[in-house]
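A short worksheet on the structure shown next.
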Amino acid sequence: MDSRIENPDPSHFAVIRPHKSMACLINKVASTSLASHLLKLNGYEDLGPSPHSGLDRIAPKSADGLRYYNKTFYKFMFVRDPMSRLLSCFHDKIVMNPERNFWFRRHVLQTIRGKELPATKNVLRTTGNEVPSFEEFIQYILEDDIQDKFKSHWSPYWSYCTPCSIQYDMIGKLETNTADFKYLWKKFGWIEPVPVANSYKMSQETKNAYVSSLSREIILRIYKRYQIDYEMFEYDINAVLEVAKAAPLTDQELSESEY
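Right, here's the structure in full:
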C-alpha cells in the first residue's frame, strides 16, 4: 500500500534555470517530449538514446535546492486519466517491443501466475498464453510489495509529484495538452517548438476492449489505489466502469477511502 505521507524527491523534478521554472515529469504523461524540450531549453543538445537519461543534469541537487525552487520558481506538471496512463504503460511495456521487454514480461507472468518460466525469449514467441493479459498487468502493479524499475510509470501522481508540498502554478492535462502546452510556451516566450504528446496510436476501440476485459472488482481496486488522483485532478472512475459495462460506484463505495 502506498504511504500517504508526501516526500518530495528532487530527482522527480526538472529545473529550467534560465526561465526560473520547474517541472515534475510523470512517465507516460508526455514525459519524453517534455524532457527533450526542457533539456534543450537548458542548453543541452546531445540528448543521447533517451532524454530521460539526461534529466539528472537539470534536477535539483538537494532537498534544500528543491525547497528553494519551490519558493521562487514557477512550477508546473501534467497529468492524464489514470486508466489511460495504465493502458499506455501496458501497451509500451507488454504489447510493444517483445524482445526489449522480455524480462519484464516474464517477471509479471511469474509474479501473477506463480510459476517459473524458462529464461529464454522463445517462451514469449511460441504462445499468446505466455504474454501477460491487461488484467494480469493490472494485478501486478496493484501488488503492495512490488519494487520494480518501471514503478515510476504507474506511481500515483500525488505521491510522485507531491502537489500538497509543491505549490504548483499550473497543472496541465494530456487531454488538453495542445492548449496547455501553448499557454506555457507563450507565457515564457520559449522558442523551442511546442511538444507533441505521443499517443502510441492505440485506437479507442482497442482501449475499450482492454478496459472491458477487467472485472468490476479489479476496477474498484484501481480506483482505491488511485483515488486521490481521481479526486484531486477531477477524473471520473464511473466513465471507466461504463466502458466495462459495470455498475457505477455506489454512494457507500464513493465514501469509502484509503486515505
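For the sequence shown, UniProt numbering assigns the number 1 to the initial residue and increments by one for each residue that follows.
Positions of the beta carbon are idealized from the N, C-alpha and C atoms, including for glycine.
Tell me the DSSP secondary structure of residue i in three-state form.
i: I219; result: helix
i: C24; result: strand
i: M96; result: coil
i: Y160; result: helix
i: D46; result: coil
i: E189; result: Here the sequence assigns Gly to residue 189, which means Glu is not the residue at that position. Coil.
i: Y69; result: helix
i: L87; result: helix
i: Y140; result: helix
i: V108; result: helix
i: P10; result: helix
i: G128; result: Any answer about G128 is weak, because its pLDDT of 49 lies below 50 and its placement is not dependable; what the coordinates show is given next. DSSP places G128 in helix when its eight states are reduced to three.
i: G114; result: coil
i: V240; result: helix
i: Q167; result: coil
i: A247; result: coil
i: Y210; result: helix
i: P51; result: helix
i: Y230; result: helix
i: S133; result: coil
i: Y235; result: coil
i: K40; result: helix
i: K224; result: helix
Going by DSSP, name the residue or residues bridged to residue i.
i: C152; result: The residue asked about is misnamed: residue 152 is Ser in this sequence, not Cys. Beta-bridge pairing links S152 to no other residue.
i: V79; result: K173
i: I16; result: S21
i: residue 260; result: Because residue 260 is not part of the residues shown, which for the chain are 1 to 259, the question remains open.
Report yes if the C-beta distance between residue i and residue j is below 8 Å; otherwise report no.
i: L41; j: H12; result: no
i: K71; j: D169; result: no
i: A30; j: A23; result: no
i: P60; j: P132; result: no
i: R221; j: L142; result: yes
i: R80; j: L174; result: yes
i: H153; j: K28; result: yes
i: P156; j: Y226; result: yes
i: A239; j: R216; result: no
i: S165; j: P8; result: yes
Between residue i and residue j, which are expected to be in contact by the criterion C-beta below 8 Å, what is the C-beta distance as a whole number of angstroms?
i: C161; j: M77; result: 5 Å
i: I138; j: I26; result: With 8 Å as the limit, I138 and I26 do not qualify as a contact, their Cβ atoms being about 19 Å apart.
i: D229; j: P82; result: 5 Å
i: P195; j: S33; result: 4 Å
i: F134; j: F90; result: 6 Å
i: S159; j: E6; result: 7 Å
Between which residues of its own chain and residue i is the CB-CB distance below 7 Å, once the five residues before and five after are set aside?
i: Y44; result: G54 and R57
i: T212; result: Sequence inspection shows Ser at residue 212; the Thr mentioned does not correspond to that position. Excluding positions up to five away in sequence, the list reads V243, A244 and K245.
i: L39; result: L47, P51, G54 and I58
i: Y69; result: V15, M22 and P60
i: L66; result: P8, P10, F13 and P60
If I measure Cβ to Cβ from residue i and keep anything under 6 Å in the same chain, skipping five residues before and after, which residues do I get?
i: R17; result: none
i: K207; result: L87
i: T126; result: Only weak support is given to the placement of T126: the predicted model assigns it a pLDDT of 45, under 50, and the value that follows is read from those uncertain coordinates. So the list is empty, once near-sequence residues are dropped.
i: H37; result: E192 and P195
i: E253; result: none
i: residue 271; result: The question about residue 271 has no answer, for the chain in this structure spans 1 to 259.
i: R85; result: K28
i: residue 270; result: Since the displayed the chain opens at 1 and closes at 259, residue 270 lies outside it and no answer follows.
i: G172; result: F78 and D180
i: E136; result: I112
i: D92; result: none
Could you check whether the Cβ of residue i sits closer than 8 Å to any Cβ belonging to chain D?
i: G43; result: The displayed structure is made up of one protein chain only, and chain D is not part of it.
Which residues in the same chain as residue i place their Cβ atom closer than 8 Å to its Cβ, once the five residues preceding and following it in sequence are excluded?
i: G189; result: none
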